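I have placed the structure first, in the form of structure tokens, so that the comments after it can refer back to it.
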Amino acid sequence: MSKTLTLTDNDTGRSAELPVLEPTYGTPVVDISGVPREIGCFTHDPGYGATSACRSWVTYIDGDQGILLYRGYPIEQLAEKSSFLEVCYLLIYGELPGAAEWVEFEADIRKHTMVHEGLRTIITGYRRGSHPMAMMVGLVGALSGFYHDALDVNDPAHRLACIHRLVAKMPTIAADTHKWGAGQPFMHPDNSYGFVENFMRMMFGVPAEPFEVDPVAARALELMMILHADHEQNASTSTVRLCGSSGTNPYAAIAAGIATLWGPAHGGANEAVVQMLSEIGGRGDIPKFIDRVKDRESGVRLMGFGHRVYKSYDPRASIIRNACHDLLSKLEGTEREQPMFESALELERIARSDDYFIERNLYPNVDFYSGIILSALGFPLNMFTVIFAVARTVGWITQWNEMLGDTEDFRIGRPRQLYLGHARRDYVPAEERS
Ligand code: ACO
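In structure tokens, the structure reads:
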């Protein structure tokens with residue numbers, strides 16, 4: 244028999260039998276959609292900490308155990324054995340590809356790696372010093388102006404075409420934003436390279452020289468992209484869903500997701516961590532910095548620490564920390580990142596033995612060590628969140644597609660509010676105001 248939960252208003256005696264929905268894993272979910280009708284009130288949950296906003300079959304997180312599954316597969320196994328493009332297939336289609344499906348998918352993505360030259364004209368309108376995320380928000384939104392042929396969000400074939408286009412074009416657009424800032428020519432994709440290698444070539448290559456891919460660096464970037472590919476209903480993904488729920492086109496919805504990711508409480512934290520590590524100075528200055536973080540008046544947070552869902556170690560952070568050890572020992576030219584990594588390790592050690600962080604279950608999140616890897620790979624600071632956006636696009640677009648395909652649960656997103664403003668009052672003409 245299915246479970247219910249009874250909610251009673253003690254004043255009016257009205258009550259509601261609320262269905263309790265059982266997930267594959269995790270906390271059961273009470274369906275409160277009948278509460279306004281049965282009891283006559285709304286529910287209040289700022290920041291949605293207690294609210295499930297949708298059904299999803301994509302990603303599962305157990306924040307207490309530090310577990311992350313994409314379509315049921317543990318992140319550790321995907322990080323070790325899979326490729327970013329294979330993870331894209333897995334997220335989009337729900338299963339790992341067979342040989343024929345893989346050939347077809349790779350070809351589909353390859354076909355779409357170029358961008359319309361008009362998009363590059365738009366880039367040249369940006370100031371040279373513009374933050375690449377500012378360009379990303381505009382450029383991805385602008386894609387909707389180039390693909391009128393496949394913008395019917397109610398047509399699954401159109402949705403799939405948008406998905407392929409977005410996954411394929413994001414590295415090209417990201418690299419273009421960097422090239423514009425660096426004053427170098429835009430690089431066209433060369434599809435004889437693998438997906439990640441092509442991205443590196445467009446980022447770091449120049450037309451005058453052949454580009455040699457360092458396999459150690461390429462694998463490290465591949466790993467970073469796998470780890471960032473999806474993370475269920477975080478702020479940017481929920482934004483994409485909410486934006487897309489109005490029926491807007493996916494490029495506009497993904498642009499909204501990019502805008503949300505940019506904030507330092509979300510994807511912007513990888514950039515903020517590296518800034519924080521440089522500002523702290525030497526390892527001897529860490530205890531002083533930790534004191535500032537604990538002083539509520541200072542407003543200083545330990546960036547890359549804490550998470551709404553993970554109340555234990557973020558599994559992505561431990562994979563990245565191990566990868567840092569490995570990469571920094573193998574890659575040349577990491578003199579800047581070595582001390583940064585040592586400071587980060589010391590910062591983690593001190594924080595994790597401090598009651599403030601222990602009591603609040605604050606652990607390193609994905610962003611704590613990721614900036615060090617990106618820096619070692621040669622990405623400038625202002626590109627860190629862009630790399631996150633390139634990788635997360637497949638998660639966003641998969642969740643958007645899932646939402647539109649869920650004919651049972653899909654409605655336009657429209658939260659309610661607790662109104663605490665003025666009671667009704669009459670307009671006062673200007674000359675009568677005191
Ligand atoms: N440094 C110091 N204190 C912190 C931190 C931190 N990084 N994170 C949380 N806390 C404290 C809060 O002050 C609060 O203390 P209190 O109970 O005494 O008031 C308590 O821990 C709970 O924190 P909340 O802010 O309520 O937690 P919430 O779930 O709302 O926020 C967030 C999560 C935004 C990630 C937060 O931990 C944070 O700001 N971290 C730093 C930024 C960061 O690394 N963001 C990346 C997140 S991962 C991602 O988006 C990819």
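Throughout the sequence shown, residue numbering follows my numbering, covering 244 to 677 in sequence.
Even glycine gets a Cβ: it sits at the ideal position worked out from N, Cα and C.
Quick caveat, the model's predicted, so the values are computed rather than measured.
My guess is that residue 447 and residue 621 are in contact by the Cβ rule of under 8 Å, so how many angstroms apart are they, rounded?
6 Å
Can you give the Cα-Cα distance for residue 452 and residue 531, rounded to whole angstroms?
47 Å
If I measure Cβ to Cβ from residue 678 and keep anything under 7 Å in the same chain, skipping five residues before and after, which residues do I get?
No information on residue 678 is available, as it lies outside the stretch 244 to 677 that the chain covers here.
When every heavy atom of ligand 1 is checked, does at least one fall within less than 8 Å of the C-beta of residue 595?
no
Any heavy atom of ligand 1 closer than 8 Å to the CB of residue 598?
no
When you compare each of 291, 250, 302 and 266 to residue 208 by their alpha carbons, which one comes out closest?
The requested residue 208 is not part of the displayed model; the chain covers only 244 to 677.
Express the C-alpha separation of residue 583 and residue 521 in angstroms, rounding to a whole number.
8 Å
Test item: CB-CB of residue 466 and residue 365 under 9 Å:
no
Does at least one heavy atom of ligand 1 sit under 8 Å from the Cβ of residue 603?
yes
Would you say residue 510 touches ligand 1, meaning its beta carbon is less than 8 Å from a heavy atom?
yes
Please classify residue 246 as buried or exposed, where buried requires at least 16 neighbouring CB atoms within 10 angstroms.
exposed
Buried versus exposed, by CB contacts within 10 Å (16 or more), residue 435:
exposed
Please confirm whether residue 611 has its beta-carbon closer than 9 Å to some beta-carbon of chain B.
The chain inventory of the structure shown lacks chain B, comprising one protein chain alone.
DSSP bridge partner residues for residue 263 (one or two, in chain order):
273
With residue 303 and residue 268 assumed to form a contact (beta carbons below 8 Å), what rounded beta-carbon distance in angstroms separates them?
6 Å
Tell me whether residue 457, by its Cβ, gets closer than 8 Å to a heavy atom of ligand 1.
no
When 493, 324 and 429 are compared against residue 405, the one with the closest alpha-carbon:
493
Is the closest heavy atom of ligand 1 to the C-beta of residue 357 under 8 Å?
no
Pair every Cβ in the region 305–317 with every Cβ in the region 283–297, then say whether three or more of these pairs are closer than 8 Å.
no
Mapping DSSP to helix, strand and coil, what is residue 247?
strand
Run the proximity test for residue 283: is its beta-carbon closer than 8 Å to any non-hydrogen atom belonging to ligand 1?
no
Distance, Cα to Cα, residue 624 vs residue 376?
11 Å
Can you give me the start and stop residues for the beta strand (DSSP E) that residue 312 sits inside?
310–313
So does the region 480–497 actually touch the region 349–367, counting three or more Cβ pairs closer than 8 Å?
no
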